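J.:
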């Protein structure tokens with residue numbers, strides 16, 4: 340099973356890596372596509388499934404995971420159904436959650452709540468801490484192109500557009 344992860348990832352260089360620790364602990368927002376294992380009875384259309392997944396939830400990361408598989412409690416601040424495709428058994432929902440929440444596990448829980456089973460198909464992080472998709476998101480290709488422009492033509496204008504200063508992360512931080 341190939342999972343597609345896209346969206347916002349904060350990458351820091353040099354001294355800014357010290358600051359990223361607080362951003363990693365900040366809340367996250369995702370848009371997720373979950374595939375249900377069979378047709379969902381009427382409960383999917385009303386969006387009751389994703390709304391049930393709010394508050395404190397118990398999670399144990401999946402077998403294939405980068406973190407230790409210990410039971411932990413994570414907080415889901417808000418979640419809502421965006422779309423339900425009954426023909427293809429797909430649920431698209433938005434979720435605002437505590438950092439460290441395993442959305443794959445949430446998709447399995449959603450399938451259990453709906454009584455049909457389910458798993459995550461795609462995941463997009465739309466907000467990480469204070470930085471969202473509209474906040475100067477660039478691709479790795481943009482960074483490579485900017486570096487190439489600087490190395491070959493000593494033109495740093497593109498590099499300055501794709502690499503943001505550390506102060507961007509500090510604008511909404513209390514002293």
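In the numbering used here, the protein residues as written are 340 to 514.
Heads up, the beta-carbon is just placed ideally off N, CA and C, and yes, glycines get one too.
Quantities reported herein were computed from a predicted structural model and do not represent experimental measurements.
To the nearest angstrom, how far is it from the Cα of residue 380 to the Cα of residue 426?
T.: Here residue 380 corresponds to residue number 41 of the chain shown, with the count starting at 1. Here residue 426 corresponds to residue number 87 of the chain shown, with the count starting at 1. Rounded to the nearest angstrom, the two C-alpha atoms are 12 angstroms apart.
J.: Given this structure, state the Cα-to-Cα distance separating residue 352 from residue 453, to the nearest angstrom.
T.: Locating residue 352 in the chain shown gives position 13, where the first residue counts as 1. Locating residue 453 in the chain shown gives position 114, where the first residue counts as 1. Taking the straight line joining both Cα atoms gives about 44 angstroms.
J.: Give the single residue among 413, 367, 447, 402 whose Cα lies nearest to the Cα of residue 395.
T.: Indexing the chain shown from 1 puts residue 395 at position 56. Checking every option, the nearest Cα to that of residue 395 belongs to 413.
J.: In whole angstroms, give me the CA-to-CA distance for residue 360 and residue 435.
T.: On the chain shown, position 21 is the one that residue 360 refers to. On the chain shown, position 96 is the one that residue 435 refers to. Whole-angstrom Cα-Cα distance: 19 angstroms.
J.: Is it buried or exposed for residue 515, if we count other Cβ within 10 angstroms and need 16 for buried?
T.: Since the displayed the chain opens at 340 and closes at 514, residue 515 lies outside it and no answer follows.
J.: I'd like to know if the stretch 449-467 and the stretch 371-380 are in contact, where contact means that at least 3 CB-CB pairs between them fall below 8 angstroms.
T.: Flag = yes, the stretch 449-467 and the stretch 371-380 touch.
J.: For residue 458, which beta-bridge partners are listed by DSSP?
T.: Taking the chain shown and counting its residues from 1, one reaches residue 458 at position 119. For residue 458, which the question treats as bridged, DSSP gives the partners 374.
J.: Quick check: the stretch 475-492 against the stretch 435-447, are there 3 or more CB pairs under 8 angstroms?
T.: Contact between the stretch 475-492 and the stretch 435-447 is absent, because fewer than three Cβ pairs lie under 8 angstroms.
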